[in-house]
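Comments concern the structure below.
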Amino acid sequence: MEKAFTINDIISMFMRRLWLIVAMALIGGVISFAYSQYVIQKKYTSSVTLYVYNQSNLQATTLTANDFALSAKLVETYLVILKSNQVLDAVSARIKTLGLNYSSSQIRSMIKAAAVLDTEVFEVSVSSTDKEHAKTIADAISVVAPPEIIRVVKAGSVEIVDKAVVPTSHSTPNVTQNTILGIILGIALSAGLVFLLELMNTSVKSKEDLVEMYKLPVLMVIPSLNFDEGKADKYSYYDYQSYQGGSNEATK
Numbered sequence: 009m010e011k012a013f014t015i016n017d018i019i020s021m022f023m024r025r026l027w028l029i030v031a032m033a034l035i036g037g038v039i040s041f042a043y044s045q046y047v048i049q050k051k052y053t054s055s056v057t058l059y060v061y062n063q064s065n066l067q068a069t070t071l072t073a074n075d076f077a078l079s080a081k082l083v084e085t086y087l088v089i090l091k092s093n094q095v096l097d098a099v100s101a102r103i104k105t106l107g108l109n110y111s112s113s114q115i116r117s118m119i120k121a122a123a124v125l126d127t128e129v130f131e132v133s134v135s136s137t138d139k140e141h142a143k144t145i146a147d148a149i150s151v152v153a154p155p156e157i158i159r160v161v162k163a164g165s166v167e168i169v170d171k172a173v174v175p176t177s178h179s180t181p182n183v184t185q186n187t188i189l190g191i192i193l194g195i196a197l198s199a200g201l202v203f204l205l206e207l208m209n210t211s212v213k214s215k216e217d218l219v220e221m222y223k224l225p226v227l228m229v230i231p232s233l234n235f236d237e238g239k240a241d242k243y244s245y246y247d248y249q250s251y252q253g254g255s256n257e258a259t260k
């Protein structure tokens, strides 16, 4: 026996259990907010932006379109070399002189590097639980990486466009986004629960339900009579009493 739901049925079942949907949405939002705000460790991100030249001689007075195209190609190579052990070992050695003890593998897990909209500009971002550490490592990369990259590639040049700054707010977690996702998850779970409760409910509420669920014709419908207190005359009733002779007398 399968239940078929119309649009009106679905709207009706949701409206009947609207309190459940609202409650679970609030619970999901509160849990997500609390977890993001107080449990997940906050991270701060500091970034440095670099520009790639195709020419090693920065004193050149003109740059052609071909130079820009080659520079954009060089960015892809530079990004690979940037995360090499050779470059990151040099970064690790530099920050050790500043009192920070991070290995090259740790630094690699902290950095993200990508070209900016497929241009000859690329950005290196460093994320850390300590905002000062993020800025210091980003500074070290901007100092160490360009000469190391040029030494390996032996082509092009790199200039710093934007230096790293100390971040003023954390980059992760996104508390607002996580809270909204928690609310959506609560609504989704409550909607599934409402459907499950409706499927498990086998009670017959009307003759239409009887016909639909059991595919049987309805021969008779007994109306429901509700008597209000203090209104005895609102409905009539009959009392059948037997008397001698075998017949029944109905009294109103």
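For the sequence shown, my numbering assigns the number 9 to the initial residue and increments by one for each residue that follows.
Ideal placement from N, C-alpha and C gives every residue a C-beta, glycine not left out.
Alpha carbon to alpha carbon, how far is residue i from residue j?
{"i": "VAL87", "j": "GLU131", "result": "Per the sequence presented here, residue 87 reads as Leu, with Val not at that position. Rounded to whole angstroms, LEU87 to GLU131 spans 9 angstroms at the Cα level."}
{"i": "GLY36", "j": "ILE29", "result": "11 angstroms"}
{"i": "ILE157", "j": "LYS143", "result": "21 angstroms"}
{"i": "LEU34", "j": "TRP27", "result": "11 angstroms"}
{"i": "GLU167", "j": "TYR59", "result": "5 angstroms"}
{"i": "LYS139", "j": "VAL173", "result": "9 angstroms"}
{"i": "VAL99", "j": "LEU205", "result": "60 angstroms"}
{"i": "GLY190", "j": "GLY200", "result": "15 angstroms"}
{"i": "ILE185", "j": "THR105", "result": "The displayed chain sequence assigns Gln, not Ile, to residue 185. Each residue's Cα considered, the two are about 39 angstroms apart."}
{"i": "SER111", "j": "ILE192", "result": "40 angstroms"}
{"i": "GLN94", "j": "VAL202", "result": "58 angstroms"}
{"i": "ASP126", "j": "ASP17", "result": "52 angstroms"}
{"i": "ARG159", "j": "ALA153", "result": "10 angstroms"}
{"i": "SER92", "j": "THR137", "result": "23 angstroms"}
{"i": "VAL47", "j": "ALA123", "result": "33 angstroms"}
{"i": "PHE13", "j": "ARG25", "result": "16 angstroms"}
{"i": "VAL38", "j": "VAL183", "result": "11 angstroms"}
{"i": "ASN109", "j": "ALA196", "result": "46 angstroms"}
{"i": "ALA42", "j": "LYS81", "result": "45 angstroms"}
Give the DSSP bridge partners of residue i, in chain order.
{"i": "PHE130", "result": "LEU58 and ALA123"}
{"i": "THR180", "result": "LYS51"}
{"i": "ILE168", "result": "LEU58"}
{"i": "SER135", "result": "THR53"}
Quick check: does the Cβ of residue i come within less than 7 angstroms of any heavy atom belonging to the ligand NAP?
{"i": "SER112", "result": "Absent from the structure shown: the ligand NAP. Ligands present: none."}
List the whole-angstrom C-beta distance separating residue i from residue j, where the pair is believed to meet the contact cut-off of C-beta under 8 angstroms.
{"i": "MET32", "j": "GLY194", "result": "4 angstroms"}
{"i": "ASP170", "j": "VAL83", "result": "Wrong, their Cβ atoms sit about 16 angstroms apart, outside the cutoff."}
{"i": "VAL134", "j": "MET118", "result": "5 angstroms"}
{"i": "THR85", "j": "VAL161", "result": "6 angstroms"}
Using a 10 Å radius around the Cβ and a threshold of 16 neighbouring Cβ atoms, would you call residue i buried or exposed?
{"i": "THR187", "result": "buried"}
{"i": "ILE19", "result": "exposed"}
{"i": "MET23", "result": "exposed"}
{"i": "ALA121", "result": "buried"}
{"i": "ILE15", "result": "exposed"}
{"i": "PRO225", "result": "exposed"}
{"i": "PRO155", "result": "exposed"}
{"i": "SER40", "result": "buried"}
{"i": "SER198", "result": "buried"}
{"i": "GLY164", "result": "buried"}
{"i": "SER113", "result": "exposed"}
Answer yes or no: do residue i and residue j have a C-beta to C-beta separation smaller than 8 angstroms?
{"i": "PRO181", "j": "SER44", "result": "yes"}
{"i": "ARG102", "j": "ALA146", "result": "no"}
{"i": "ILE115", "j": "LEU90", "result": "no"}
{"i": "TYR52", "j": "PRO175", "result": "yes"}
{"i": "LYS50", "j": "HIS178", "result": "yes"}
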